[in-house]
Structures are given as structure tokens and as C-alpha cells.
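Visitor: For what it's worth, my numbering labels the leading residue of the sequence shown as 73, then goes sequentially. C-beta: ideal position from N, C-alpha, C; glycine also.
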Amino acid sequence: MNAPTPHPVVSADQWLAQRHALLAREKALTRLHDEVAAQRRALPWTRVDKRYTLDTLQGPRALADLFDGRSQLLVQHFMFGPGWEQGCPSCSFMADHMGGMALHLQHRDVSVLAVSRAPLAEIERFRQRMGWQFRWASSHGSDFNHDFAVSFTPEQRARGNGEVFYNYGMRPFPADEAPGISVFVRNDAGDVFHAYSTFGRGVEAMMGTYQLLDLTPRGRHETNPAYPMDWVRHHDRYAPSQPQAGSVTAPAAQAPQPSPAHTAPGGCCAARG
Numbered sequence: 073m074n075a076p077t078p079h080p081v082v083s084a085d086q087w088l089a090q091r092h093a094l095l096a097r098e099k100a101l102t103r104l105h106d107e108v109a110a111q112r113r114a115l116p117w118t119r120v121d122k123r124y125t126l127d128t129l130q131g132p133r134a135l136a137d138l139f140d141g142r143s144q145l146l147v148q149h150f151m152f153g154p155g156w157e158q159g160c161p162s163c164s165f166m167a168d169h170m171g172g173m174a175l176h177l178q179h180r181d182v183s184v185l186a187v188s189r190a191p192l193a194e195i196e197r198f199r200q201r202m203g204w205q206f207r208w209a210s211s212h213g214s215d216f217n218h219d220f221a222v223s224f225t226p227e228q229r230a231r232g233n234g235e236v237f238y239n240y241g242m243r244p245f246p247a248d249e250a251p252g253i254s255v256f257v258r259n260d261a262g263d264v265f266h267a268y269s270t271f272g273r274g275v276e277a278m279m280g281t282y283q284l285l286d287l288t289p290r291g292r293h294e295t296n297p298a299y300p301m302d303w304v305r306h307h308d309r310y311a312p313s314q315p316q317a318g319s320v321t322a323p324a325a326q327a328p329q330p331s332p333a334h335t336a337p338g339g340c341c342a343a344r345g
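1) Could you check where the beta strand (DSSP E) with Glu196 kicks off and where it finishes?
2) Expressed to the nearest angstrom, what Euclidean distance is found between the alpha-carbon atoms of Pro80 and Arg97?
3) Helix, strand or coil for Ser83 per DSSP?
4) Around the C-beta of Arg91, are 16 or more other C-beta atoms found within 10 angstroms, so that it is buried, or is it exposed?
5) Is it true that the CB of Met166 sits closer than 8 Å to the CB of Met301?
6) Going by DSSP in three states, Thr102 sits in which element: helix, strand or coil?
7) Find out if the Cβ-Cβ distance for the pair Val236, Pro251 is shorter than 8 Å.
8) Under 8 Å, do Arg207 and Gln178 count as touching if we go by C-beta distance?
9) With a threshold of 16 other CB atoms inside 10 Å of the CB of Asn217, please say whether the residue is buried or exposed.
10) Are the Cβ atoms of Ala114 and Thr125 separated by less than 8 Å?
11) On the three-pair Cβ rule with 8 Å, is the region 247-263 touching the region 143-158?
12) Under the three-state reduction of DSSP, which class applies to Pro300: helix, strand or coil?
13) Quick check: the Cα distance between Trp303 and Gly291, rounded to an integer number of angstroms?
14) Mapping the DSSP letters down to three states, classify Val275 as helix, strand or coil.
15) On the criterion of 16 or more Cβ atoms from any shown chain inside 10 Å, does Glu249 qualify as buried, or is it exposed?
16) Would you kindly work out how many angstroms separate the C-alpha atoms of Asp263 and Gln205, rounded to a whole number?
17) With which residues is Asp127 paired in a DSSP beta bridge?
18) Nearest to Phe150 by alpha carbon, out of Trp87, Thr225, Phe271?
19) For Val184 and Ala174, which I take to be in contact (beta-carbon distance under 8 Å), what is that distance rounded to the nearest angstrom?
20) If you follow the alpha helix (DSSP H) that Gly280 is part of, which residue opens it and which one closes it?
21) Can you say whether Gly213 is buried or exposed, counting buried as having 16 or more other CB atoms within 10 angstroms of its CB?
22) Which residues does DSSP pair with Arg258 in a beta bridge?
23) Judging by CA-CA distance, which residue of Pro246, Val120, Ala190 is the nearest neighbour of Tyr299?
24) Compare the C-alpha of Trp117 against each of Pro297, Phe265, Pro289, Leu285 and name the closest.
25) How many angstroms separate the CA atom of Gly131 from the CA atom of Asp215?
26) Counting along the chain, where does the beta strand (DSSP E) carrying Met242 start and finish?
27) Are the CB atoms of Ile253 and Ala277 within a distance shorter than 8 Å?
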């Protein structure tokens, strides 16, 4: 167990003075966030001319059909390759947040969808195990994952001398699948446009748990710089024991449990750029 981090104990007036100073920085960050969000919305779009067909529980569907009658589609690129025993733990951590958000997003003209390269039968087996209700499509046999730079072939690795094009640059990546979030727009004529994608630490936009952890004194408490998310488990694989109420110590780190077909479990957030 880790010893609690020592903190100074001050008077209420001293605490309030320091809180006011931090509040000024928080407000500045909020304003900067709003400015960046406006710049993000103002980005130009690119037309998606290729006709992608994804496999769904309702049968094969074109990308344009997956908007479900809305004009915006948010896709989680979920690391789950063909033949894997289970999906990436960190991508599963992301997906755990999706169910509660989906209804609210739908009422803001946004449909949500997870897409993986595993065949639909493998996806569905894992989805049922996890109890998820969100839509999840398979891009197996499609160029979709490769075109949006979240799946890598041996030929791509060879051309890049072991590096792949990910997060808008050539870099090493520990797996053949990578995480990301992409946003697409569909106009009244049925044309589809790519509006935005984010990768690396950008996927933390879906990780509401992190935003709450950042409010606590211990924070994320991730001590492995090579793989900060090594604490994350599939939600049905956490150990049952938890710290007692009121404890300020943290549970001992658990070793990640690798999937036989996935040599870098949760590696989607190992690249922290």
C-alpha cells in the first residue's frame, strides 16, 4: 500500500486565498477550452467519397446509413482485432461511458457508434459479456480502419521502418489496432463528410472518470510512465476487494492480464501524445 501524500493543513482563510488563485487559472483554462472548441467546429470538412460498408446486427450498412436519421455521427474506434479474445481494456473503459451519454447526444443531433475490425460475431460475444447496449459495427473486410489510421498492416510497418502514421505523424505504436474518435457529418443530399478525428490522449474526451479523478487529491495516481493505464480492467474483471471507507491509501497495483491474441493490452493509451 502507498503511504498517503502529505498535505499542509491551513486555516480556512488561507485555504480560501489559495482557492481563489486556482480558480483564476481554472477560469482561464475554461475560456481557452471554449476558444479551442470554436476552432474545432470551424475546421473545414473533407468529403468521404469511398463507399464503406460495415457489418451490423441489422445487416450490412453504408456509413451514410449509420447516422440513424441524424446529421452528425460520432465514432469510437475501438481496439478489437480479428481473433482477439476480448477488446482492449482501455477502449472498454472509454466505452463504459458511452451508454449514459448516447441518449443525451441523440437529442443534440448526434448518433454514436463503436467500430472495430473484429468480425461481428466476435464483437457481439464480447458486447454481451460486457452488458453494453450501444451500437457496435464491424469494419472487417473494409478499408475503414486503415483509411482513418487506426489499424496498421505489416506492409505499413515495413514501409515506416517499424513506425506507423498515427495521431497525424509517423511514430512507433505497440499494436496493430489503435484508438481514436472520429466525427462525420451528413447533409440533406446524403453526402458524408469527415469533420474531425482525435487520437492519443485526445480520446480522454470520452473518459469522464478521469475528469472526476482529476478533482481528487490523489488524482489519476498512474505511476507507470510507459503504460499509465495499467490499472484499468474490464469492468467485470476488477478484484472484488476495495479500500475501506475513509481510507486514504491506494490499492496495490495489479499486473495487467494479457489477452493471448493481444500483446499490448490496453496499449491504446500507451502512446500518450
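Guide: Let me lay it out:
1) Within the sequence shown, residue 196 is the residue found at index 124, counting from 1. DSSP places Glu196 in no beta strand (DSSP E) but in the uninterrupted alpha helix (DSSP H) bounded by 192-202.
2) Mapped onto the sequence shown, residue 80 falls at position 8. Mapped onto the sequence shown, residue 97 falls at position 25. So the two alpha carbons sit approximately 21 Å from each other.
3) Sequence index remark: in the sequence shown, residue 83 carries index 11 (1-based). In the three-state scheme derived from DSSP, where H, G and I count as helix and E and B as strand, Ser83 is classed as coil.
4) As a position in the sequence shown, residue 91 is number 19, starting the count at 1. So Arg91 counts as exposed.
5) Locating residue 301 in the sequence shown gives position 229, where the first residue counts as 1. Locating residue 166 in the sequence shown gives position 94, where the first residue counts as 1. Contact: no.
6) Counting from 1 along the sequence shown, the entry for residue 102 is found at position 30. The answer is helix: DSSP assigns Thr102 an H, G or I state.
7) Here residue 236 refers to the residue found at position 164 of the sequence shown. Here residue 251 refers to the residue found at position 179 of the sequence shown. The answer is no: Cβ separation not under 8 Å.
8) For the purposes of this step, residue 207 is taken as residue 135 along the sequence shown, with counting starting at 1. For the purposes of this step, residue 178 is taken as residue 106 along the sequence shown, with counting starting at 1. Against a cut-off of 8 Å, the Cβ pair of Gln178 and Arg207 comes out as no contact.
9) Along the sequence shown, read from residue 1 onward, the residue named residue 217 stands at position 145. Buried, since its Cβ has 16 or more Cβ neighbours within 10 Å.
10) As a working note, residue 114 is residue 42 in the sequence shown. As a working note, residue 125 is residue 53 in the sequence shown. Result no, Cβ atoms of Ala114 and Thr125 do not sit closer than 8 Å.
11) When Cβ pairs closer than 8 Å are counted between the two stretches, the region 247-263 is seen to touch the region 143-158, the count reaching three or more.
12) Numbered from its first residue, the sequence shown carries residue 300 at position 228. In this structure, Pro300 counts as helix in the three-state DSSP scheme.
13) Taking the first residue of the sequence shown as position 1, residue 303 is located at position 231. Taking the first residue of the sequence shown as position 1, residue 291 is located at position 219. Approximately 13 Å between the Cα atoms of the pair.
14) Along the sequence shown, read from residue 1 onward, the residue named residue 275 stands at position 203. Looking at Val275 - three-state DSSP - the assignment turns out to be helix.
15) In the sequence shown, counting from the first residue as 1, residue 249 sits at position 177. By the neighbour-count rule (16 or more Cβ atoms within 10 Å), Glu249 is buried.
16) Here residue 263 refers to the residue found at position 191 of the sequence shown. Here residue 205 refers to the residue found at position 133 of the sequence shown. Spanning the two alpha carbons is a distance of roughly 28 Å.
17) Mapped onto the sequence shown, residue 127 falls at position 55. According to DSSP, residue pairing for Asp127 in a beta bridge involves Pro132, Ser210.
18) For the purposes of this step, residue 150 is taken as residue 78 along the sequence shown, with counting starting at 1. Between Phe150 and the set Trp87, Thr225, Phe271, the nearest pair of CA atoms involves Phe271.
19) Translated into the one-based positions of the sequence shown, residue 184 becomes position 112. Translated into the one-based positions of the sequence shown, residue 174 becomes position 102. Yes, they are in contact, since the Cβ atoms of Val184 and Ala174 sit about 5 Å apart, within 8 Å.
20) Residue 280 sits at position 208 when you count from the first residue of the sequence shown. For Gly280, the enclosing alpha helix (DSSP H) begins and ends at 280-285.
21) Within the sequence shown, the letter at position 141 stands for residue 213. Exposed, by the Cβ-count rule.
22) The residue you call residue 258 lines up with position 186 of the sequence shown. For Arg258, which the question treats as bridged, DSSP gives the partners Val264.
23) As a first step, residue 299 must be located in the sequence shown, where it is residue number 227. Here the closest residue by C-alpha is Pro246.
24) On the sequence shown, residue 117 is found 45 positions in, with the first residue counted as 1. Here the closest residue by C-alpha is Phe265.
25) Your numbering for residue 131 matches position 59 in the sequence shown. Your numbering for residue 215 matches position 143 in the sequence shown. C-alpha of Gly131 to C-alpha of Asp215: approximately 18 Å in a straight line.
26) Residue mapping note: residue 242 aligns to position 170 of the sequence shown, counting from 1. Residues 241-244.
27) Numbered from 1 along the sequence shown, position 205 holds the residue referred to as residue 277. Numbered from 1 along the sequence shown, position 181 holds the residue referred to as residue 253. Going by C-beta atoms, Ala277 is nearer than 8 Å to Ile253.
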